[in-house]
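Working notes for the structure below.
Residue numbers (my numbering): 1050 to 1332.
Now the structure itself:
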């Protein structure tokens, strides 16, 4: 009995020593922070979904353009892997047609002007760039900015139904890429069909706003907004439409009605100033 106990203790001790030995030989895994962390920017512009995936290096006291990133050479527009950009519908970038799809975004930085490259190869190493896979190339100015931008940034701004701006920002440089969409030719026929169909439950306000914003048939916009349920913001849009049609009296009356409704609505005080300014512009 004692012999069995002794053998059992020996086996347990041997196993413990083996485990300790294995632990000593295998260091624990440590995850280090990435010096250029991955970022994904998603933006819906009009009816188009856009996604940009890129790595974000920081300056860390280094000179960037003309230094770390040479002028006149193809740059992967970030760090690590290729920068990828996708569009769910066809778009125009700086007036250049880009079909819907997934692409790599390369650039060639210059002191006053950059070349932007849309490349269909999204899988190869970023250092295996081939111009034969280019879908489009166009130039855009490099704009000096006073603020020091420490970390490379790609952002969307000036977003409208049919346009936006994609800004590349780093160090003291901003590079704007202008995005345009043909949302009117796609959506206007659908609005016409929907609004001419039988029934009263229709998006009168949204349809009127779209026609007003895009300079379409204002008489139709006027008819639609007149059928929408009355609120301070609907009355304000009605005032804007009437003003654009040259009906100053009707526009002033609609603006005054908008102010009456806004005064009774929490959080709508900004419309009091909007209506005041609109009325002043019509006198």
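Ideal Cβ placement from N, Cα and C applies to all residues, glycine included.
Range covered by the alpha helix (DSSP H) that runs through residue i
i, result
"residue 1299", "1297-1312"
"residue 1281", "1281-1293"
"residue 1253", "1253-1262"
"residue 1273", "1267-1276"
Residue span of the beta strand (DSSP E) that contains residue i, given as start and end
i, result
"residue 1110", "Run containing residue 1110: none; DSSP gives neither H nor E here."
"residue 995", "Missing from the structure shown is residue 995; the chain here goes from 1050 to 1332 and no further."
"residue 1245", "Segment 1232-1245 is the alpha helix (DSSP H) holding residue 1245; no beta strand (DSSP E) there."
"residue 1141", "1140-1142"
"residue 1146", "1145-1147"
"residue 1118", "Residue 1118 -> no beta strand (DSSP E), and no H or E assigned at all."
Inter-residue spacing [alpha-carbon to alpha-carbon] between residue i and residue j
i, j, result
"residue 1136", "residue 1228", "11 angstroms"
"residue 1311", "residue 1199", "43 angstroms"
"residue 1188", "residue 1214", "15 angstroms"
"residue 1210", "residue 1143", "17 angstroms"
"residue 1081", "residue 1279", "58 angstroms"
"residue 1161", "residue 1207", "23 angstroms"
"residue 1076", "residue 1166", "45 angstroms"
"residue 1178", "residue 1157", "12 angstroms"
"residue 1249", "residue 1090", "39 angstroms"
"residue 1180", "residue 1293", "49 angstroms"
"residue 1270", "residue 1100", "33 angstroms"
"residue 1183", "residue 1123", "12 angstroms"
"residue 1125", "residue 1190", "18 angstroms"
"residue 1128", "residue 1259", "40 angstroms"
"residue 1303", "residue 1328", "10 angstroms"
"residue 1331", "residue 1247", "37 angstroms"
"residue 1033", "residue 1192", "Missing from the structure shown is residue 1033; the chain here goes from 1050 to 1332 and no further."
"residue 1079", "residue 1104", "21 angstroms"
"residue 1326", "residue 1262", "19 angstroms"
"residue 1220", "residue 1264", "39 angstroms"
Buried versus exposed call for residue i [16 or more other C-beta atoms within 10 Å across all chains shown]
i, result
"residue 1087", "exposed"
"residue 1061", "With a pLDDT of 47 at residue 1061, under the threshold of 50, the predicted position of this residue should be treated as unreliable, and no value is reported."
"residue 1224", "buried"
"residue 1052", "Unreliable positioning characterises residue 1052 in this predicted model, as indicated by a pLDDT of 49, which lies under 50. The coordinate reading is nonetheless provided below. Exposed: under 16 other Cβ atoms inside 10 Å."
"residue 1118", "buried"
"residue 1106", "buried"
Beta-bridge partners of residue i, as assigned by DSSP
i, result
"residue 1223", "1192 and 1218"
"residue 1092", "1099"
"residue 1336", "Any answer about residue 1336 is impossible in this case: the structure gives the chain only from 1050 up to 1332."
"residue 1213", "1228"
"residue 1186", "1166"
"residue 1202", "1218"
Within-8 angstroms CB hit, residue i to chain D
i, result
"residue 1263", "The question asks about chain D, but that chain is absent: this structure has only one protein chain."
Touch test, the region 1228-1241 against the region 1089-1099, Cβ-Cβ under 8 angstroms, three pairs minimum: For the pair of segments examined, the region 1228-1241 was found to touch the region 1089-1099: the number of CB pairs separated by less than 8 angstroms reaches three.
Is the region 1276-1290 touching the region 1251-1258, taking contact as three or more C-beta pairs under 8 angstroms? Result yes; three or more Cβ-Cβ pairs closer than 8 angstroms.
Specify whether the region 1143-1153 and the region 1124-1135 touch according to this definition: at least 3 beta carbon pairs, one from each stretch, less than 8 angstroms apart. Segments in contact, yes.
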